[in-house]
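According to my numbering, the sequence shown is numbered sequentially starting from 51.
Positions of the beta carbon are idealized from the N, C-alpha and C atoms, including for glycine.
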Amino acid sequence: MVEAKFSIGQLITHSLYGYRGVIIDADPCFTLSDSWYDKMATSKPAKNQPWYHILVNNSSIQTYVSESSLEADFSEQEIQHPMVDLLFSGKSASQYKLSENLN
Numbered sequence: 051m052v053e054a055k056f057s058i059g060q061l062i063t064h065s066l067y068g069y070r071g072v073i074i075d076a077d078p079c080f081t082l083s084d085s086w087y088d089k090m091a092t093s094k095p096a097k098n099q100p101w102y103h104i105l106v107n108n109s110s111i112q113t114y115v116s117e118s119s120l121e122a123d124f125s126e127q128e129i130q131h132p133m134v135d136l137l138f139s140g141k142s143a144s145q146y147k148l149s150e151n152l153n
């Protein structure tokens with residue numbers, strides 16, 4: 051069984067590209083198409099590791115990133131993204147709290 055290093059609501063930094071974000075979902079392994087992987091995963095990280103859906107700070111972009119490309123972000127700075135307030139109900143240190151209104 052694969053164990054995820056990061057959790058939903060956790061702040062992260064992309065180790066290669068340097069952007070900050072917050073995790074909104076996680077998959078135990080890569081779940082998108084091979085064509086997406088060939089086009090978008092330019093560093094070709096392993097598919098058999100956790101992959102995370104991330105809201106990118108200071109944008110409206112959502113990304114899909116391998117665990118090996120992420121580092122924990124302990125800056126405690128808020129993430130500026132239009133979906134943060136829709137998905138989370140608050141923040142404590144470097145962790146957002148998932149909203150209870152989600153189905």
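- prompt: alpha helix (DSSP H) containing V134: first to last residue?
  reply: V134 to L137
query: Does the separation of the CB atoms of S156 and S139 fall below 8 Å?
result: Missing from the structure shown is residue 156; the chain here goes from 51 to 153 and no further.
Whole-angstrom distance between E117 and F56, CA atom to CA atom: 8 Å
message: To test your reading of the DSSP string, which unbroken beta strand (DSSP E) runs of 3 or more residues are found completely within the stretch 64-114?
response: 70-77 and 101-106
message: My assumption, with CB atoms under 8 Å, is that S144 sits in contact with H131. Please give the rounded CB distance.
response: At roughly 16 Å, the Cβ-Cβ gap does not stay under 8 Å, so S144 and H131 are not in contact.
task: Identify, in the order they occur along the chain, each residue of the same chain with its Cβ nearer than 6 Å to the Cβ of D77, setting aside the five sequence neighbours on each side.
output: W101
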